[in-house]
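J.: Could you have a look at this structure, given as structure tokens, before my questions?
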Amino acid sequence: SAGNLSKYLGGLLKLLEARREYTYLLLRSVREVVMCYYGRTEQIASFTPKIFSALVAHTDSKEEAVRFEVAECLGGLAKIEPEETLAFLEKSLSSSAAFTRSVAVGALRYALASQTKHAIDKRLGKFLRMMQDADLEVRRQAILSFEAVLKSTELVNKPENSSLLKEIVVPVLYKETEPNKKFLKIIDAGALKIREDGHLPLRRAAFDALATIVKVCAYRLNMRDFYEYTMQGVLDADEDIVMMTWEMYFQISQDPSVRCSLKELGGGTSRNAIDGKKLAMDRILLNFVKKKMSTLKGTASRETDQARECVKKALVTVFTMLELPGMDQCKDFVHLASRIKQTKAIAKEVQEAKKILAQL
0 SAGNLSKYLG GLLKLLEARR EYTYLLLRSV REVVMCYYGR TEQIASFTPK IFSALVAHTD
60 SKEEAVRFEV AECLGGLAKI EPEETLAFLE KSLSSSAAFT RSVAVGALRY ALASQTKHAI
120 DKRLGKFLRM MQDADLEVRR QAILSFEAVL KSTELVNKPE NSSLLKEIVV PVLYKETEPN
180 KKFLKIIDAG ALKIREDGHL PLRRAAFDAL ATIVKVCAYR LNMRDFYEYT MQGVLDADED
240 IVMMTWEMYF QISQDPSVRC SLKELGGGTS RNAIDGKKLA MDRILLNFVK KKMSTLKGTA
300 SRETDQAREC VKKALVTVFT MLELPGMDQC KDFVHLASRI KQTKAIAKEV QEAKKILAQL
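Heads up: the sequence shown is residues 0 to 359, going by the numbering used here.
Spelled out as structure tokens, the structure:
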């Protein structure tokens, strides 16, 4: 089809309409065709209306894989017809169908390119406000698209867009870091109790986006708020979130512009302290160590391996924090770290963490 659009593309699009059982595979073919014509707009311009109409017909598909392909195809089409495609995606954000809204906001991250920058810039606020949508998947797709925009472009950091991060993005991300019991189900399967967390994919996306902010522009965060909302992540039931949280804190310890703020995390005082209130990281760290020690006592398994890696990452971060100026004021934290170093149950992990630090 890509080699002879006039002869084969029409047949491909007819198949897409008629053979529902092959929708996913046919959409992948359409995506390949679109990708072949990046930078050759004039050669595919006369065919884009047909491609566009075929894609729009599947934006509300019940199959997640199909919606994923539609979003990627629309994002690719935006690189060929930026204004028309992004105007359609913007309009679709108001759709009553949650699937359509998720496709529209998800397509944004596949549309990122130099030729689409202007069209995206003037609509960026509307896309990012989808983080406040009532539907979990729409919110997750909006967060994923925000992360892609932050990694790939300077749009979020432009002066005229500076309020988006402070007023929309960060408050939503903080809210989503907390487990939502409304979406937690315990399925009784006889001897087993299966925990099903419908909020987990969204929570992971929120922590991932915060980790990207820490890497790209940590200086734009109120670090006290950041710690207050994220430190519970080290006790999350999901190991990926636990690792992400410790990785964020380690990144902060390596960033000269914000690492002094770790004194607050350790329980010290600063100009942001109010009425003597202190963050409870020392108690959370103690609970983290106790939780992981009980897991490490079990027989060798994937779970114990994950726990061991989490403990090592935590130890590397804590030992790095202890070397920072002002941390000697955090008496409770320093005392607890000293006790952890002498804990026999994790002696091996302590030694490995020290070796990692020596190589940094």
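Even glycine gets a Cβ: it sits at the ideal position worked out from N, Cα and C.
1. Determine, using beta carbons only, whether Leu88 and Ala106 come nearer to each other than 7 Å.
2. Whose CA, out of Thr319, Ser337, Leu220, lies closest to the CA of Ala352?
3. Taking only three categories from DSSP, how would you classify Asp207?
4. Taking the beta strand (DSSP E) that Arg282 falls in, what are its first and last residues?
5. In whole angstroms, what separates the C-alpha of Leu15 from that of Ser94?
6. For Ile50, report the span of its beta strand (DSSP E) as first-last.
7. Can you have a look at Gln140 and say buried or exposed, based on whether 16 or more other CB atoms are within 10 angstroms of its CB?
8. What first and last residue would you give for the alpha helix (DSSP H) that runs through Glu83?
9. Can the beta-carbon of Arg243 be found closer than 7 Å to that of Ala210?
10. Pick helix, strand or coil for Leu14, following the three-state DSSP scheme.
11. Buried or exposed: which applies to Asp224, given that a residue is buried once 16 or more other Cβ atoms fall within 10 Å of its Cβ?
12. With a cut-off of 8 Å, do at least 3 Cβ pairs link the segment 313–331 to the segment 234–252?
13. Only counting the same chain, and skipping five residues up and downstream in sequence, which positions put a Cβ closer than 7 Å to that of Leu335?
14. Just curious, the beta strand (DSSP E) that Ile185 is in, first and last residue?
15. Nearest-angstrom Cα distance between Gly197 and Val69?
16. Using a 10 Å radius around the Cβ and a threshold of 16 neighbouring Cβ atoms, would you call Ile240 buried or exposed?
17. Just reading off the beta strand (DSSP E) that Lys192 is part of, what are its end residues?
18. Taking all protein chains shown into account, decide if Gly265 is buried (16 or more other Cβ within 10 angstroms of its Cβ) or exposed.
19. Quick one: residues in its chain with C-beta nearer than 8 Å to the C-beta of Tyr226, no 5 flanking neighbours on either side, listed in chain order?
20. Ends of the alpha helix (DSSP H) at Gly74?
21. To the nearest angstrom, how far is the alpha carbon of Leu12 from that of Lys180?
22. If you pair each beta-carbon of the segment 184–201 with each one of the segment 126–142, do three or more pairs fall below 8 Å?
23. Just reading off the alpha helix (DSSP H) that Lys311 is part of, what are its end residues?
24. Check this for me: beta carbons of Gln114 and Pro81, under 7 Å apart or not?
25. Look up Pro324 in the DSSP assignment and say whether it is helix, strand or coil.
26. What ranges does the alpha helix (DSSP H) occupy inside the segment 118–195, keeping only unbroken runs of at least 4 residues that lie completely in it?
27. Report the residue from Gln350, Thr294, Thr176, Asp304 whose alpha carbon sits nearest the alpha carbon of Gln231.
28. Taking Cβ positions, are Leu164 and Val155 nearer each other than 7 Å?
29. To the nearest angstrom, how far is the alpha carbon of Ala103 from that of Gln253?
30. For a test of the three-state rule: what should DSSP assign to Lys340, helix, strand or coil?
31. For the alpha helix (DSSP H) that Gly265 lies in, which residues bound it at each end?
32. Nearest-angstrom Cα distance between Met129 and Leu92?
33. Could you say which of Glu308, Val257, Glu146 lies nearest to Pro324 if we only look at CA atoms?
34. Roughly how many angstroms separate the alpha carbons of Glu146 and Arg301, rounded to a whole number?
35. Restricting to Cα atoms, I'd like to know which of Val55, Gln341, Glu238 is closest to Thr294.
T.: On the basis of the supplied data:
1. yes
2. Thr319
3. helix
4. From DSSP, Arg282 is part of no beta strand (DSSP E) but of the alpha helix (DSSP H) over 280–295.
5. 23 Å
6. Here Ile50 belongs to no beta strand (DSSP E); instead the alpha helix (DSSP H) covers 47–55.
7. buried
8. 81–91
9. The sequence given here has Met at residue 243, not Arg. Yes.
10. helix
11. exposed
12. yes
13. Asp281, Leu284, Leu285
14. 183–188
15. 24 Å
16. buried
17. 191–196
18. buried
19. Ser260, Glu263, Leu264, Leu278, Met280
20. 63–77
21. 44 Å
22. yes
23. 301–321
24. yes
25. coil
26. 123–127, 135–151, 169–175
27. Thr176
28. yes
29. 37 Å
30. helix
31. Taken as a continuous stretch (DSSP letters only), Gly265 belongs to no alpha helix (DSSP H), as it is neither H nor E.
32. 8 Å
33. Val257
34. 29 Å
35. Glu238
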